[in-house]
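Numbering (my numbering), first residue to last: 47 to 707. Note that CB positions come from ideal geometry on N, CA and C, so glycine has one too. None of these values were measured; they are calculated from a predicted model. To start, the structure itself, in structure tokens.
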Amino acid sequence: MFSCWLSRLYWALSKPTGRTKPLIWGSLSRSLVLSSQRRIPELSSFVARTNTCGELRSSHLGQEVTLCGWIQYRRQNIFLVLRDFNGLVQVVIPQDESAASVKKILCEAPVESVVQVSGIVISRPPGQENPVSHLETKMPTGEIEIKVKTAKLLNSCKKLPFEIKDFLKKTEALRLQYRYLDLRSSQMQYNLRLRSQMVMKMREYLCNLHGFVDVETPTLFKRTPGSPQQFKQLLMVGGLDRDFWGKVWVSSQNHDSMLFFKCRYFQVARCYRDEGSRPDRQPEFTQIDIEMSFVDQTGIQSLIEGLVQYSWPNDKDPVVVPFPSMTFAEALAGYGTDKPDTRFGMKIVDISDVFRNTEVRFLQDALSKPQGTVKAICIPEGAKYLKRKDIESIRKSAADRFKQEVLPVFLKASRNWNSPVGKLIMEEQGLQLIRLLEVQEEDVVLLTAGEREKACSLLGKLRLECADLLEAGGVVLRDPALFSFLWVVDFPLFLPKEENPKELESAHHPFTAPHPSDVHLLYTEPQKVRSQHYDLVLNGSEIGGGSIRIHDAELQRYILATILKEDVKLLSHLLQALDCGAPPHGGIALGLDRLMCLITGAPSIRDVIAFPKSFRGHDLMSNAPDSIPPEELKPYHIQVSWPTDPEAEKSSLNHPCHPES
Numbered sequence: 047m048f049s050c051w052l053s054r055l056y057w058a059l060s061k062p063t064g065r066t067k068p069l070i071w072g073s074l075s076r077s078l079v080l081s082s083q084r085r086i087p088e089l090s091s092f093v094a095r096t097n098t099c100g101e102l103r104s105s106h107l108g109q110e111v112t113l114c115g116w117i118q119y120r121r122q123n124i125f126l127v128l129r130d131f132n133g134l135v136q137v138v139i140p141q142d143e144s145a146a147s148v149k150k151i152l153c154e155a156p157v158e159s160v161v162q163v164s165g166i167v168i169s170r171p172p173g174q175e176n177p178v179s180h181l182e183t184k185m186p187t188g189e190i191e192i193k194v195k196t197a198k199l200l201n202s203c204k205k206l207p208f209e210i211k212d213f214l215k216k217t218e219a220l221r222l223q224y225r226y227l228d229l230r231s232s233q234m235q236y237n238l239r240l241r242s243q244m245v246m247k248m249r250e251y252l253c254n255l256h257g258f259v260d261v262e263t264p265t266l267f268k269r270t271p272g273s274p275q276q277f278k279q280l281l282m283v284g285g286l287d288r289d290f291w292g293k294v295w296v297s298s299q300n301h302d303s304m305l306f307f308k309c310r311y312f313q314v315a316r317c318y319r320d321e322g323s324r325p326d327r328q329p330e331f332t333q334i335d336i337e338m339s340f341v342d343q344t345g346i347q348s349l350i351e352g353l354v355q356y357s358w359p360n361d362k363d364p365v366v367v368p369f370p371s372m373t374f375a376e377a378l379a380g381y382g383t384d385k386p387d388t389r390f391g392m393k394i395v396d397i398s399d400v401f402r403n404t405e406v407r408f409l410q411d412a413l414s415k416p417q418g419t420v421k422a423i424c425i426p427e428g429a430k431y432l433k434r435k436d437i438e439s440i441r442k443s444a445a446d447r448f449k450q451e452v453l454p455v456f457l458k459a460s461r462n463w464n465s466p467v468g469k470l471i472m473e474e475q476g477l478q479l480i481r482l483l484e485v486q487e488e489d490v491v492l493l494t495a496g497e498r499e500k501a502c503s504l505l506g507k508l509r510l511e512c513a514d515l516l517e518a519g520g521v522v523l524r525d526p527a528l529f530s531f532l533w534v535v536d537f538p539l540f541l542p543k544e545e546n547p548k549e550l551e552s553a554h555h556p557f558t559a560p561h562p563s564d565v566h567l568l569y570t571e572p573q574k575v576r577s578q579h580y581d582l583v584l585n586g587s588e589i590g591g592g593s594i595r596i597h598d599a600e601l602q603r604y605i606l607a608t609i610l611k612e613d614v615k616l617l618s619h620l621l622q623a624l625d626c627g628a629p630p631h632g633g634i635a636l637g638l639d640r641l642m643c644l645i646t647g648a649p650s651i652r653d654v655i656a657f658p659k660s661f662r663g664h665d666l667m668s669n670a671p672d673s674i675p676p677e678e679l680k681p682y683h684i685q686v687s688w689p690t691d692p693e694a695e696k697s698s699l700n701h702p703c704h705p706e707s
């Protein structure tokens, strides 16, 4: 009777009323059923074991279990520790003559060999528990051990290039070369399992709670303007004696704008960019791509805040929403970058008015120019923690890398300024500096002067360098357990081209919609137009970027042809789609690798990717990419010839397909 009542209730909840959208009710009822059926995952189903090594506790005493795993280490041929993805457990090697064959297998198998053991779960002798007290968590299975009855060697292991122990330091190149071994480490297991759990929660949030549809878009596509560096791919069209160049997918914005009929779409997408590798970048990466119709910037931001909060790991401090927001102009003025780390202060302050009548020559020269300014940051207790060589290194870095001068000024205990130009700082100027920068004794002030954007950019980089130096001295500025999210908005729609500043290029991509208040400027002063582009920043790293898209074909055509001087024919497919009743739409892409890197505290995104590329874009495990034999290139009418000029040859060695690279 009760089950019948439940069935009717479920049927009633699933059936839409006249006031309710079927999609919403359907997804809610399904999510309720899913929630009621949630339970602890069965990790030993369909396999040749009864339990995992890490799950056994004192509650399993007396049970007969079968375990499979790797031999972590052995002690005096009496004990061995067996490891699988779920943890460790101690195994007692039988010493009696009747179990000689079992002892032989377990004592002679090399470390990291794979074995299967069966036995009884027993308590460890008093005083030999690990952990000894319940306050310790060194070994969760430390109260029990396995008294082995039978053992089977599943695969013997030869001598390894390194031991599978987290505390042993290995070079990244060695880890990538033997990635199949590195993946056995507990840290890599944690990183990849956490990544899987978060992606699953994201799918649940988007599909079950908000009615999104998971749609795959093509990996291979044509070359389009305004994209980042693209990998070129030669395609032989079947049945035609012609060759065509396409590109490997950089991002899905072309297809995003043509999926508006879906109303809400997302995908976990693999993307490619022909760019140099860095700790937060590599040639292939994964992003969570999201697109919605009939939405504005606030709607996208609220969705993403909920997504992050819903999928956030349970072992981290909870995320507080809404995330704070900052304009692009405010970020540059206060932090010298569009991705500020807001976990610590040392903000940039404009002190131009303090030095309007200065006698310091390089400050005078800067302020005499139209865009000239004087900016400064205050380094707390810099005189205490920064050595003279650190200050000189900062000045040299500014001169060599940025062609700008930096002036260090120390506030001594006597309230006097210690600086090469200290005598030129008048008393009133010194008091204003103390007030504007909130300078305390032993603080160091770094001054620079020049064009506004260059001065802010320089101090933004020096701010981070000084933070590194202070933390190396023991000062905690950036709490690794703190996750500081920030929205950066109101980016410029266009930027001057580096090679020709009189021409403009898209700051984000050419499909970004202009700010509603600035549309009229498109036809008179396009360089002043703000965009509906927004970035999500976490601890100084950009982890997401998106925009409200242009849905009007004529406006899109005008921006492409008139402002950007692009060939409209390359995007004729998009313009035709926009002409067929495209609704207002927008979206965002979250960098999954960067997000996971920050959450786990990994030094590089390569530590949260199963099989990443090296710093030079190589797969060290398989020695990819490889050269292509001439006979395979012949059908494509391609002949590869490397330069003979010494300088050109030197640069070509960095090409991943060069035979000597």
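**Report entry** Three-state secondary structure assigned by DSSP to Lys-205
**Finding:** Locating residue 205 in the sequence shown gives position 159, counting from the first residue. Three-state DSSP puts Lys-205 in coil, outside helix and strand.
**Report entry** Distance between Lys-430 and Ala-422 (C-alpha atoms, nearest Å)
**Finding:** Counting from 1 along the sequence shown, the entry for residue 422 is found at position 376. Counting from 1 along the sequence shown, the entry for residue 430 is found at position 384. The straight-line gap from Cα to Cα measures roughly 19 Å.
Query raised in the report: Which runs of the alpha helix (DSSP H) fall wholly inside the segment 102-171 and span at least 4 residues, in chain order?
Result: Every alpha helix (DSSP H) of 4 residues or more that sits fully in the segment 102-171 is shown, in chain order, as 146-154.
Query - Same chain, Cβ closer than 8 Å to Arg-667, five either side skipped, listed in chain order - result: Here residue 667 refers to the residue found at position 621 of the sequence shown. The sequence shown places Met at residue 667, rather than the Arg named in the question. Residues of the same chain with a CB within less than 8 Å of the CB of Met-667, apart from the 5 flanking positions on each side, are Leu-222, Gln-223, Tyr-224, Arg-225, Tyr-226 and Phe-657 in chain order.
Query - Contacting residues, own chain, Cβ-Cβ under 7 Å from Glu-551 (five flanking each side not counted) - result: Sequence index remark: in the sequence shown, residue 551 carries index 505 (1-based). Phe-540, Leu-541, Lys-543 and Leu-610.
Query raised in the report: Which residues mark the beginning and the end of the alpha helix (DSSP H) in which Glu-422 is found?
Result: Position 376 of the sequence shown, counted from the first residue, corresponds to residue 422. Rather than Glu, the amino acid found at residue 422 in this sequence is Ala. No alpha helix (DSSP H) contains Ala-422, which is instead part of the beta strand (DSSP E) from 418-425.
Query raised in the report: Can you tell which of Val-163, Leu-252 and Ile-117 has the C-alpha that lies nearest to the C-alpha of Lys-204?
Result: Numbered from its first residue, the sequence shown carries residue 204 at position 158. Measuring from the Cα of Lys-204, the nearest candidate turns out to be Ile-117.
Report task. Report the partner residues of Phe-456 according to the DSSP bridge assignment. Result -> Translated into the one-based positions of the sequence shown, residue 456 becomes position 410. According to the DSSP secondary-structure assignment, Phe-456 is paired through a beta bridge with Asn-464 and Val-490.
Query raised in the report: So, helix, strand or coil for Tyr-717, using DSSP?
Result: Nothing in the structure corresponds to residue 717, since the chain is present only between 47 and 707.
Query raised in the report: Under a three-way DSSP split, which group does Lys-195 fall into?
Result: In the sequence shown, counting from the first residue as 1, residue 195 sits at position 149. Three-state result, Lys-195: strand.
Query raised in the report: Under the rule that 16 or more other beta-carbon atoms within 10 Å means buried, what is Pro-386, buried or exposed?
Result: Working through the sequence shown from its first residue, we reach residue 386 at position 340. Buried, since its Cβ has 16 or more Cβ neighbours within 10 Å.
Query raised in the report: Taking the C-alpha atoms as reference points, what is the distance between Phe-331 and Cys-643?
Result: Here residue 331 refers to the residue found at position 285 of the sequence shown. Here residue 643 refers to the residue found at position 597 of the sequence shown. One C-alpha to the other measures close to 12 Å.
Query raised in the report: If you compare alpha carbons, which of Leu-620, Asp-446 and Ser-371 is closest to Phe-537?
Result: The residue given as residue 537 occupies position 491 in the sequence shown. Comparing Cα positions, the closest option is Ser-371.
Report task. Just the C-alpha distance for Asp-581 and Glu-154, rounded to the nearest angstrom, thanks. Result -> Numbered from 1 along the sequence shown, position 535 holds the residue referred to as residue 581. Numbered from 1 along the sequence shown, position 108 holds the residue referred to as residue 154. Roughly 57 Å separates the two Cα atoms.
Requested in this report: State the Cα-Cα distance for the pair Phe-208 and Ala-219, rounded to the nearest angstrom.
Outcome: The residue you call residue 208 lines up with position 162 of the sequence shown. The residue you call residue 219 lines up with position 173 of the sequence shown. CA-CA distance, Phe-208 to Ala-219, rounds to 12 Å.
Query - Per DSSP, cross-strand counterpart(s) of Ile-634 - result: Residue 634 sits at position 588 when you count from the first residue of the sequence shown. Answer is Ile-336 and Gly-592.
Requested in this report: Could you check the C-alpha separation between Leu-620 and Leu-568 for me, to the nearest Å?
Outcome: Here residue 620 is taken as the residue at index 574 of the sequence shown, counted from 1. Here residue 568 is taken as the residue at index 522 of the sequence shown, counted from 1. Their backbone Cα atoms lie some 21 Å apart in a straight line.
Report task. Spatial neighbours of Phe-448 within its chain, please: CB distance less than 6 Å, with the 5 preceding and 5 following residues excluded, ordered by chain position. Result -> Position 402 of the sequence shown holds residue 448. In the same chain as Phe-448, and ignoring 5 residues on each side of it, the C-beta atoms closer than 6 Å to its own belong to Leu-504, in chain order.
Query raised in the report: Cα-Cα, which of Arg-509, Asp-598 and Ile-634 is closest to Gly-382?
Result: Here residue 382 refers to the residue found at position 336 of the sequence shown. Taking each of Arg-509, Asp-598 and Ile-634 in turn and checking the Cα distance to Gly-382, the smallest one comes out for Arg-509.
Query - Where the beta strand (DSSP E) containing Leu-584 begins and where it ends - result: Counting from one through the sequence shown, the residue named residue 584 turns up at place 538. For Leu-584, the uninterrupted beta strand (DSSP E) run begins and ends at 579-584, by DSSP.
Query raised in the report: Cα separation between Pro-454 and Gln-417?
Result: Counting from 1 along the sequence shown, the entry for residue 454 is found at position 408. Counting from 1 along the sequence shown, the entry for residue 417 is found at position 371. Roughly 23 Å separates the two Cα atoms.
**Report entry** C-beta contact flag for Val-521 and Glu-427 at 9 Å
**Finding:** Taking the first residue of the sequence shown as position 1, residue 521 is located at position 475. Taking the first residue of the sequence shown as position 1, residue 427 is located at position 381. It is a contact, given that the beta carbons lie within the stated cut-off.
Query raised in the report: Any idea if Glu-35 is buried or exposed, counting beta-carbon neighbours within 10 angstroms, 16 or more meaning buried?
Result: With the chain represented from 47 up to 707, any question about residue 35 goes unanswered, as that position is not in the structure.
Report task. Might you give, ordered along the chain, the residues of its own chain that have their beta carbon closer than 6 Å to the beta carbon of Arg-230, omitting 5 neighbours on each side? Result -> If you number the sequence shown from 1, residue 230 lands on position 184. The residues Ile-210, in chain order, have a CB closer than 6 Å to that of Arg-230 in the same chain once the five nearest residues on each side in sequence are set aside.
Query raised in the report: Which class does Val-534 belong to by DSSP, given the choice of helix, strand or coil?
Result: Here residue 534 refers to the residue found at position 488 of the sequence shown. Reduced to three states, the DSSP call for Val-534 is strand.
Query - Sub-9 Å separation of Leu-584 and Phe-529 beta-carbons - result: Along the sequence shown, one-based indexing puts residue 584 at 538. Along the sequence shown, one-based indexing puts residue 529 at 483. Their beta carbons are under 9 Å apart, which means Leu-584 touches Phe-529 by this criterion.
Report task. Determine, using beta carbons only, whether Asp-363 comes closer than 9 Å to chain D. Result -> Absent from the structure: chain D. Only one protein chain is present.
Query - Simplified DSSP assignment, three categories, for Gln-313 - result: Taking the sequence shown and counting its residues from 1, one reaches residue 313 at position 267. In the three-state reduction of the DSSP assignment, Gln-313 falls in the strand class.
Report task. Below 8 Å CB to CB, which residues in the same chain sit around Leu-624 once its five sequence neighbours on both sides are set aside? Result -> Along the sequence shown, one-based indexing puts residue 624 at 578. Contacts found: Ser-303, Ile-596, His-597, Asp-598, Ala-599 and Gln-602.
Requested in this report: Spell out the partners DSSP gives Ala-495 in its beta bridges.
Outcome: On the sequence shown, residue 495 is found 449 positions in, with the first residue counted as 1. DSSP, once it has assigned bridges, lists Val-420 as partnering Ala-495.
Query - Minimum C-alpha distance to Asp-326 - residue among Leu-493, Glu-473, Lys-659 and Asp-672 - result: Taking the sequence shown and counting its residues from 1, the one referred to as residue 326 is at position 280. For the set Leu-493, Glu-473, Lys-659 and Asp-672, the Cα lying nearest the Cα of Asp-326 is the one of Lys-659.
Report task. Assign Trp-688 to buried or exposed, taking buried as 16 or more other Cβ atoms, counted over all protein chains shown, within 10 Å of its Cβ. Result -> Your numbering for residue 688 matches position 642 in the sequence shown. Answer is exposed; the Cβ neighbour count stays below 16.
Query raised in the report: Is DSSP giving Ile-210 helix, strand or coil here?
Result: Along the sequence shown, read from residue 1 onward, the residue named residue 210 stands at position 164. Ile-210: coil per DSSP, three-state reduction.
Requested in this report: Check whether the Cβ atoms of His-579 and Thr-608 lie closer than 9 Å to each other.
Outcome: The count along the sequence shown starts at 1 and reaches residue 579 at position 533. The count along the sequence shown starts at 1 and reaches residue 608 at position 562. It is not a contact, given that the beta carbons lie outside the stated cut-off.
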